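S.K.: One structure, as structure tokens, below. Some questions next.
See the structure below:
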């Protein structure tokens with residue numbers, strides 16, 4: 016079977032020579048489908064996986080169509096009149112497209128210009144005066160220069176929306192509509208995207224375009240060459256895990272993704288403090304600094320690039336071996352685009368995502384989008400025992416911005432309407448042991464569970480084998496062991512293990528009542544547990560309950576609370592006063608009372624308050640981090656006294 020080549024498209028020999036010079040020998044599937052249609056003048060909407068060669072799919076035919084055409088230096092009072100305009104969602108992607116146009120087009124007389132925000136408009140005007148064929152721009156700067164009559168679209172033969180779905184996601188719909196109204200109706204309309212976006216088609220139809228749709232490997236969102244896994248961690252374990260991964264791969268050339276600009280710079284600084292060659296890049300940096308950081312990363316002067324999603328789409332950085340999602344993306348489709356930075360051009364790649372307490376809300380959406388369960392990473396104790404030092408503080412400016420933002424986030428508000436999740440039954444952890452003796456099997460099974468008391472083990476026989484010693488000995492049986500629902504003993508063992516692993520100097524006691532279990536900490540590091548709104552205490556609570564639920568089925572009536580001996584804050588008093596008022600209201604109205612949505616740490620106090628009152632019970636209502644609390648009087652089990660009607 017013969018391989019396809021670029022000669023089959025009847026391209027100009029000088030253009031083919033340029034392609035071969037840069038090792039472009041065979042077109043990718045999206046190029047093979049798109050190039051002939053573009054050369055015929057058709058409008059297209061091409062959807063293909065990340066790293067499939069979409070940039071070449073439109074640049075190559077555009078260069079062919081412009082062969083032999085003169086560049087317009089001026090058009091009336093305007094400085095430039097490009098033949099083709101390419102709109103990109105980010106400055107970095109625009110820069111990359113410009114470099115591709117220059118690489119293949121400059122030597123054959125086709126001039127390109129780059130117009131992006133964050134750089135001097137006067138310098139860009141000087142470039143436009145020299146005459147251009149292709150204009151690559153971000154929508155905002157393009158609209159500004161058109162309104163200033165620096166650019167005209169009278170000669171425009173085609174518009175390209177590169178990463179069209181991302182352009183709309185980033186809020187450029189108004190600018191795109193503005194530009195499309197200004198270009199001739201006869202122009203060619205080319206749209207390229209990694210995911211389906213109905214708004215893209217709506218824009219095409221609105222401007223009288225019925226594009227030919229090209230869909231390649233849309234059912235296979237993750238490239239086969241990418242080995243992607245997910246690690247369940249505490250939020251304070253992420254850096255230890257990251258450093259462990261990087262130390263086990265000393266030649267790692269990696270991208271680390273965070274959800275916020277603040278976290279991006281903190282993670283980058285943290286890695287630098289540990290003598291790891293890392294740099295952080297966000298949209299707030301000046302364009303010249305962003306360009307320099309990307310150049311250093313491409314040349315491998317920088318080993319690790321920590322970034323927000325500004326760099327997740329379209330950037331073609333070669334040989335990236337590892338992608339780490341330090342935070343799970345809030346937009347499920349960004350998971351595909353992030354990990355698509357590795358495993359490109361047929362090479363193997365690895366991606367690992369960290370799922371902390373705050374990331375859990377995004378995991379279901381991502382796995383639903385992928386229509387698969389992400390394989391879980393085996394996290395060992397050694398990975399989490401690496402000393403990473405204190406977490407760096409954000410810059411002063413960021414702290415001033417973060418404080419009011421955090422206050423707004425914690426303010427009660429109406430929860431978003433979320434589709435109900437399909438709850439799959441929890442499969443409890445069991446262990447199988449084969450032995451001819453039950454007592455021997457129980458001793459072996461004891462080492463497989465986080466307990467020390469053999470009486471806590473429950474068992475059943477799942478199969479019976481043949482007799483040993485030529486049919487004269489005892490039968491070998493396979494026992495399936497599980498744990499009895501002894502919450503207190505199992506939880507004490509789990510909490511003790513967590514405390515030893517963290518090195519905290521605290522002791523704890525457990526207090527039990529019917530359907531209630533409380534773990535209370537005291538000691539030298541008690542204050543540490545309560546820092547940052549009891550973040551560490553909440554993490555220990557979450558982790559303990561999560562592990563406990565793997566071994567025993569927790570009855571819905573059972574409440575497990577974590578606290579400290581001196582746990583008291585001013586906000587606690589306010590919440591307790593609120594709880595008292597709501598209790599009085601429930602008594603007066605004899606009906607359930609519902610509190611406004613509040614974050615987990617506030618719900619923690621309300622639940623704790625009512626757990627001491629046998630006349631009331633509480634329940635969290637809603638989805639996500641912010642939930643309402645329903646306060647209900649408990650039903651009395653006492654029978655009403657019967658009044659005798661007999662004398």
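Residue numbers (the numbering used here): 16 to 662.
Idealized CB from N, CA, C, for every residue including glycine.
Everything numeric in this text was worked out from a predicted model, so none of it was measured.
1) I'd like to check one pair, residue 476 with residue 494: are the Cβ atoms closer than 7 angstroms?
2) Grouping DSSP H, G and I as helix and E and B as strand, with all else coil, what is residue 93?
3) Where in the segment 319-368 do unbroken runs of the beta strand (DSSP E), each at least 3 residues long, occur, reported from the N-terminal end onward?
4) DSSP puts residue 492 in a beta bridge; with which residues?
5) Please state whether the Cβ-Cβ distance between residue 109 and residue 77 is less than 7 angstroms.
6) Can the beta-carbon of residue 525 be found less than 7 angstroms from the beta-carbon of residue 507?
7) Contact check, residue 202 vs residue 281 under 8 angstroms by CB: the rounded distance?
8) Give the straight-line distance between the Cα atoms of residue 440 and residue 155, rounded to the nearest whole angstrom.
9) In whole angstroms, what separates the C-alpha of residue 182 from that of residue 321?
10) Since residue 101 sits in a beta bridge, which residues does DSSP pair it with?
11) Take residue 32 and list the residues in its own chain whose beta-carbon comes closer than 7 angstroms to its own, dropping the five residues that flank it on each side.
12) Cβ of residue 359 less than 7 angstroms from any chain D Cβ?
13) Just grab the DSSP bridge partners of residue 533 for me.
14) In this structure, how does DSSP classify residue 58 when only helix, strand and coil are distinguished?
15) Please classify residue 135 as buried or exposed, where buried requires at least 16 neighbouring CB atoms within 10 angstroms.
16) On the premise that residue 21 lies in contact with residue 42, defined as a C-beta separation below 8 angstroms, what is that separation, rounded to the nearest angstrom?
17) Would you mind stating whether residue 343 and residue 374 have Cβ atoms separated by less than 7 angstroms?
18) Which residues share a DSSP beta bridge with residue 205?
19) Would you decide whether residue 234 is buried or exposed? Buried here means 16 or more other CB atoms lie within 10 Å of its CB.
20) Contact defined as beta carbons within less than 8 angstroms: I believe residue 125 pairs with residue 149. What is the distance between those atoms, to the nearest angstrom?
21) According to the Cβ coordinates, are residue 247 and residue 370 closer than 7 angstroms?
22) Report yes or no: do the segment 94-108 and the segment 172-190 share at least 3 C-beta pairs separated by less than 8 angstroms?
23) Residue 290: buried (16+ other C-beta within 10 angstroms of its C-beta) or exposed?
24) Return the first residue and the last residue of the alpha helix (DSSP H) that residue 402 is part of.
25) Assess, as a yes-or-no matter, whether the segment 590-610 is touched by the segment 527-535 under the definition of 3 or more beta carbon pairs within less than 8 angstroms.
26) For residue 228, collect the residues of the same chain with a Cβ closer than 6 angstroms to its Cβ; drop the 5 residues on either side in sequence, then sort them by chain order.
27) Is residue 260 near residue 354, with beta carbons less than 7 angstroms apart?
28) So, residue 612 versus residue 641, is the Cβ gap smaller than 7 angstroms?
29) With 16 other CB atoms within 10 Å as the buried threshold, where does residue 546 fall?
30) Residues in its own chain within less than 6 angstroms of residue 255 by CB, not counting five upstream and five downstream?
31) On the DSSP bridge assignment, give the partners of residue 631 in chain order.
32) Determine whether the beta carbon atoms of residue 579 and residue 541 lie at a separation below 7 angstroms.
33) Does the distance from the CB of residue 356 to the CB of residue 339 come in under 7 angstroms?
34) Looking only at its chain, what residues have a beta carbon closer than 7 angstroms to the beta carbon of residue 615, apart from the 5 residues adjacent to it on each side?
35) Nearest CA to the CA of residue 635: which residue from 621, 454, 627?
M.R.: Checking against the coordinates, here is how it stands:
1) yes
2) strand
3) 319-322, 337-340
4) 450, 479
5) no
6) Between residue 525 and residue 507, the gap from beta carbon to beta carbon is short of 7 angstroms.
7) Contact flag wrong, Cβ pair sits at about 46 angstroms.
8) The predicted model places residue 440 with a pLDDT of 47, which falls under 50 and marks its position as unreliable; any figure quoted below should be read in that light. Each residue's Cα considered, the two are about 50 angstroms apart.
9) 22 angstroms
10) 151, 175
11) Closer than 7 angstroms at the Cβ level, and outside the excluded window around residue 32, lies no residue.
12) The question asks about chain D, but that chain is absent: this structure has only one protein chain.
13) 526, 576
14) Here residue 58 sits in coil by DSSP.
15) With fewer than 16 Cβ atoms within 10 Å of its Cβ, residue 135 is classed as exposed.
16) Separation of the CB atoms of residue 42 and residue 21 is rounded to 6 angstroms, and the pair is thereby assigned contact status at 8 angstroms.
17) yes
18) 59, 175
19) Confidence in residue 234 is poor, its pLDDT being 46 and thus under 50, which makes the residue's placement unreliable; the coordinate value appears in the next sentence. That one is exposed.
20) 7 angstroms
21) yes
22) yes
23) exposed
24) Where residue 402 is concerned, there is no enclosing alpha helix (DSSP H), given that its DSSP letter is neither H nor E.
25) no
26) 60
27) no
28) yes
29) exposed
30) 399, 401, 403
31) 648
32) yes
33) no
34) 553, 640
35) 621
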